[in-house]
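In our numbering, the protein residues as written are 80 to 312. All C-beta atoms, glycine included, are put in the ideal place defined by N, C-alpha and C. Note that the coordinates shown come from a computational prediction; the quantities given were computed from them, not determined experimentally. Worksheet: the structure to be examined is printed underneath.
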Amino acid sequence: MRVIFFFIILYSTPLFASQNKIIRCVTTHYPPFTIYDTNTETFTGLDIEYLRFIEHNLELNIELVHLPWARVQKEMKKDNFDCYFSLGNNPERAKYLDFTTVPLHITKFGLFTINDQNVINNNLSQAAISMLRGVDLPVEIAKKYAIDSNNIMRSLSSEDTFKLLKKGRVQYAITNYQAGLWYTQPFKNITSIELNEFQLPVYIAFKFGVIDTHKVDQQIKAFQAKRLNKNDD
80 MRVIFFFIIL YSTPLFASQN KIIRCVTTHY PPFTIYDTNT ETFTGLDIEY
130 LRFIEHNLEL NIELVHLPWA RVQKEMKKDN FDCYFSLGNN PERAKYLDFT
180 TVPLHITKFG LFTINDQNVI NNNLSQAAIS MLRGVDLPVE IAKKYAIDSN
230 NIMRSLSSED TFKLLKKGRV QYAITNYQAG LWYTQPFKNI TSIELNEFQL
280 PVYIAFKFGV IDTHKVDQQI KAFQAKRLNK NDD
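Next up, the structure:
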């Protein structure tokens, strides 16, 4: 009997600890999917709904952490945080992170300019373009619009991407289309197009060993089914 009791203590304690461990999940201000209010230090948006759904159903304790995008890129390689979300999967990131296989959503890039300064055409070979640092320009888009990578000015945040456009330091901005529409709401005479040549799925990614990502995939599917049924009502 003492052996059985010791077995239970030995093997049940880590399970209990893992269920109550705080999982620190990092994101950045990524509207409209993740909106961070600096005044109240609170999050809203579709991706936050995903996280809360997963937290509840898997009985997790998730702490949301807001970091600037430049810091997020550096932290991925370290062990200071447990998960990252709204993140594209690529071979470099997969060295450090265990990605879910079901995307939170699939995004497209958008091209933005100011009406009275430029027109959108298929030859941007001479144009100065702002893009977020750490986000690769898809080959398909670069090829169609004849974009020269030497003419791309990298910004530290999506907000800065559009500040460069507003100040006239660049002629165009390329970013996630939905995010771009959100950032350009205060702008006058903005012209934009959705670039259909490339789609970017974004995921939740954990540090290896934090959680069984297959269980997270199941919850993402359940959340998507729930939203679909709600929309059909």
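{"query": "Alpha-carbon spacing of I101 relative to T107, whole angstroms", "result": "19 Å"}
{"query": "Nearest neighbour of T292, chosen from E154, R172, F178 [CA to CA]", "result": "F178"}
{"query": "Per-residue DSSP class, three states only, for V181", "result": "coil"}
{"query": "Limits of the alpha helix (DSSP H) - the one that Y109 falls within", "result": "Element bounds for Y109: n/a, residue is neither H nor E."}
{"query": "Pair within 7 Å by beta-carbon distance, S209 and V249", "result": "yes"}
{"query": "Check whether I141 and C104 have beta carbons under 7 Å apart", "result": "yes"}
{"query": "Bridge-paired residues (DSSP) for E142", "result": "R103"}
{"query": "Identity of the residue in L143, N118, F188 nearest I220 by Cα", "result": "F188"}
{"query": "T186 beta carbon less than 7 Å from that of L211", "result": "no"}
{"query": "Beta-bridge partners of F160, as assigned by DSSP", "result": "Paired residues: none, contrary to the question."}
{"query": "Beta-carbon proximity list for I114, same chain, < 6 Å, skipping 5 on both sides", "result": "T123, G124"}
{"query": "For Y163 and A284, believed in contact at Cβ under 8 Å, the rounded distance", "result": "5 Å"}
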